[in-house]
Amino acid sequence: MSTSDHWTTSHDLALIYIALAYGTDHDLHEDEMTALTEALREWTVIPDDARIQEVVMEAATAFLEGDARAEVQRSIEDLSEELTFVERRRALRDVMQIAEADGVLLEREQGMIHLLADAWSLKQLSQDLLKDTSAVVQRQPEDWGLIHELAFIYIIVAHSANDDLSSAEIEVMLKRLNEWQPDRSTEEVRNVFRRALQVYADEPEQSLIQDSVETLKETLPLVQRLTVLDDLNTVAHADGEFTSQERELIMYLAQAWDMNIRLNGRS
């Protein structure tokens, strides 16, 4: 939708604002909506309420009815080319104000701010904005650790094939997780899995998934990253079918973790 003739820079900005305000927690607070429309007013050629509302509705339709992640990524890339450095700084400040509007800065909102900053070469500004925020910052829960990151990645691969988790896949995931931390009881491992599944069920932004990929890369040595790939290969085969989506995801992870592997059959 964002490639249509009437799609403007304001639409790209609105889509990103909506992805931040609504997409991170599936709720759009009144304060967030006010901040969103006020931010757009400064970017809209005809800054009247009717036109701004039209832009918001069109951007919301693209976000909700299309491939949300693809739409957001396209808008980020388009704005990288369309906006000057000064304008990108201004847009990132707008994003921060919208994120702060409800008084709480969610972890996923922080992740999206980092994502925009990386794409727009504004890393230092994002760090300064997050450091100086007046909102209550939601930190990652202390009981989320490496084993949760592993469970999260396992679930992503297992669910990618047919939007379902079979009992065989769950059994393999629990077994492999227990092998990483054998001191945990069966119930503790199940709790880890449930926790990771809950995060996944909330439809995490791509930035959160990327954070998990980066965390595992930075935390695990090469040999253990190979073990994770073997785990994922085993999980992917657990239901008796190894799909192209599963193969692509595992190959993507291997590349992200600086490993060159070949997946032939059950290898």
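Using my numbering, read the sequence shown as starting at 1499 and increasing by one per residue. Don't be surprised by glycine CBs; every beta carbon is placed ideally from N, CA and C. Computed from a predicted model, the values in this text were never measured in an experiment.
Tell me, to the nearest whole angstrom, how far the beta carbon of residue i is from that of residue j; I am working on the premise that it is less than 8 Å.
i: residue 1508; j: residue 1538; result: 6 Å
i: residue 1561; j: residue 1517; result: 6 Å
i: residue 1593; j: residue 1613; result: About 10 Å; that fails the 8 Å criterion.
i: residue 1589; j: residue 1611; result: Between residue 1611 and residue 1589 the Cβ distance is about 11 Å, and since that is not below 8 Å, they are no contact.
i: residue 1577; j: residue 1681; result: The pair is not a contact, with the Cβ atoms about 48 Å apart (cut-off 8 Å).
i: residue 1570; j: residue 1514; result: 6 Å
i: residue 1695; j: residue 1653; result: 6 Å
Short of 7 Å in beta carbon distance, which residues of its chain neighbour residue i, apart from the five on each side in sequence? Order them along the chain.
i: residue 1645; result: 1675, 1678, 1679, 1690
i: residue 1706; result: 1606, 1609
i: residue 1672; result: 1687, 1688, 1691
i: residue 1667; result: 1656, 1733, 1736, 1737
Given residue i, which residues of its chain have a CB within under 8 Å of its CB, disregarding the five upstream and five downstream residues?
i: residue 1670; result: 1732, 1733, 1736
i: residue 1752; result: 1727, 1758, 1759
i: residue 1709; result: 1609
From the DSSP output, in three-state form, read off residue i for me.
i: residue 1613; result: helix
i: residue 1635; result: strand
i: residue 1620; result: coil
i: residue 1640; result: For residue 1640, the pLDDT reaches just 47, beneath the cut-off of 50, and the residue's location in the model is therefore unreliable, although a value from the coordinates is still provided. Coil, per DSSP.
i: residue 1603; result: strand
i: residue 1689; result: helix
i: residue 1660; result: coil
i: residue 1718; result: coil
Going by beta carbon distance, what residues of the same chain come within less than 6 Å of residue i, once the five residues before and after it are set aside?
i: residue 1747; result: 1655, 1658
i: residue 1574; result: 1617
i: residue 1600; result: 1527, 1529, 1530
i: residue 1729; result: 1674
i: residue 1723; result: 1755
For the alpha helix (DSSP H) that residue i lies in, which residues bound it at each end?
i: residue 1665; result: 1665-1678
i: residue 1594; result: 1583-1598
i: residue 1759; result: Note, residue 1759: premise wrong, no alpha helix (DSSP H); not H, not E.
i: residue 1742; result: 1742-1754
Please check if any C-beta of chain C sits within less than 8 Å of the C-beta of residue i.
i: residue 1629; result: Considering every chain present, this structure includes no chain C. It has just one protein chain.
### Query
In chain order, which continuous runs of the beta strand (DSSP E) of length 3 or greater are located wholly inside the stretch 1503-1580?
Annotation: the stretch 1503-1580 contains no complete segment of the beta strand (DSSP E) (minimum length 3 residues).
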